[in-house]
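A.B. asks: Shown below is the structure under consideration.
In the working numbering, the protein residues as written are 3 to 236.
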């Protein structure tokens, strides 16, 4: 059977843990202040000691059990933690060792660098197979003419499908505009016929003449005005 601990010992352990946590949090709050960050090591020790002293006095006034946690050890732990964090931030990133890649044309790709001669006669080296190196393919330029017809766009590609949709939209807009222009031309022709009918109705003496249009009517009125001005000069 496990040995049963004394209730007083359990209470003391809990009180000691609570005191340790309170002191750690007090130091943590003190390190977040601007005055602490702008100070040196000696001033930081004084700030932490002052914060811990105020905490212990406050706990003593509240009637809490004092367990005698070492204040100097607590300050030393905080300073060591800050020093370790600053080293991690300021240190350059670890460099990975570069892989040694043999040149392609080297017949001794895996030569022994500890030997005197790079190409020993009795120890031929097996070339390293390169999975990324593709064999050279020789093509006849005559079989691939330069002026090849452009391949049609594939509608399954997202970009080409967007262009095709815009093209069809432009074609639909052009057809609609063409119909509107045709309707306007028809309306203008109808208005010209109506103007001719009204002109003949207002000038019955000129009905035997050729149908008048606004342009011909304006020209005729100008000729009549010039004729009247000529009679006035006489």
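All C-beta atoms in this analysis are idealised placements derived from N, C-alpha and C, irrespective of residue type, glycine included.
Starting from residue 44, trace the alpha helix (DSSP H) both ways and give me its first and last residue.
C.D. replies: Start at 1 with the first residue of the chain shown, and residue 44 comes out as number 42. Run containing residue 44: 43–63, per the alpha helix (DSSP H) assignment.
A.B. asks: Under the three-state reduction of DSSP, which class applies to residue 205: helix, strand or coil?
C.D. replies: For the purposes of this step, residue 205 is identified with residue 203 of the chain shown, where counting begins at 1. Coil, per DSSP.
A.B. asks: Around the Cβ of residue 62, are there at least 16 other Cβ atoms within 10 angstroms (buried) or fewer (exposed)?
C.D. replies: Taking the chain shown and counting its residues from 1, the one referred to as residue 62 is at position 60. Its Cβ having fewer than 16 others within 10 Å, residue 62 is exposed.
A.B. asks: I'd like to know whether the C-beta atoms of residue 53 and residue 32 end up nearer to each other than 7 Å.
C.D. replies: Against the chain shown, residue 53 aligns to sequence position 51. Against the chain shown, residue 32 aligns to sequence position 30. Yes.
A.B. asks: Might you give, ordered along the chain, the residues of its own chain that have their beta carbon closer than 6 Å to the beta carbon of residue 67, omitting 5 neighbours on each side?
C.D. replies: If you number the chain shown from 1, residue 67 lands on position 65. Cβ neighbours of residue 67 beyond the five flanking positions: 17.
A.B. asks: Please classify residue 171: does DSSP put it in a helix, a strand, or coil?
C.D. replies: Within the chain shown, residue 171 is the residue found at index 169, counting from 1. It is helical.
A.B. asks: Sorted by chain position, which residues of the same chain lie with C-beta nearer than 6 Å to residue 49's C-beta, five sequence neighbours on each side aside?
C.D. replies: Numbered from 1 along the chain shown, position 47 holds the residue referred to as residue 49. For residue 49, where only same-chain residues beyond five positions count, the Cβ hits under 6 Å are 32 and 38.
A.B. asks: Quick check on residue 40: does DSSP put it in helix, strand or coil?
C.D. replies: Walking along the chain shown from the start, residue 40 turns up at place 38. Correct three-state label for residue 40: coil.
A.B. asks: Based on Cα-Cα distance, which residue from 168, 85, 198 and 202 lies nearest to residue 43?
C.D. replies: By 1-based counting over the chain shown, the position of residue 43 is 41. For the residues 168, 85, 198 and 202, the minimum Cα distance to residue 43 belongs to 85.
A.B. asks: Straight-line CA distance for residue 4 to residue 47?
C.D. replies: Residue numbering aside, residue 4 sits at position 2 when the chain shown is read from its first letter. Residue numbering aside, residue 47 sits at position 45 when the chain shown is read from its first letter. Interpretation of residue 4 is limited by its pLDDT of 48, a score under 50 that renders its predicted location unreliable; no figure is taken from the coordinates.
A.B. asks: Leaving out the 5 sequence neighbours to the left and right, which residues in its chain are closer than 8 Å to residue 224 when beta-carbon positions are compared?
C.D. replies: Mapped onto the chain shown, residue 224 falls at position 222. Closer than 8 Å at the Cβ level, and outside the excluded window around residue 224, lies no residue.
A.B. asks: Taking the alpha-carbon of residue 27 as reference, which of 41, 40, 10 and 56 has the nearest alpha-carbon?
C.D. replies: Working through the chain shown from its first residue, we reach residue 27 at position 25. For the residues 41, 40, 10 and 56, the minimum Cα distance to residue 27 belongs to 56.
A.B. asks: I need the straight-line Cα distance from residue 10 to residue 59, nearest angstrom please.
C.D. replies: What you label residue 10 is simply residue 8 of the chain shown in a count that begins at 1. What you label residue 59 is simply residue 57 of the chain shown in a count that begins at 1. The straight-line gap from Cα to Cα measures roughly 24 Å.
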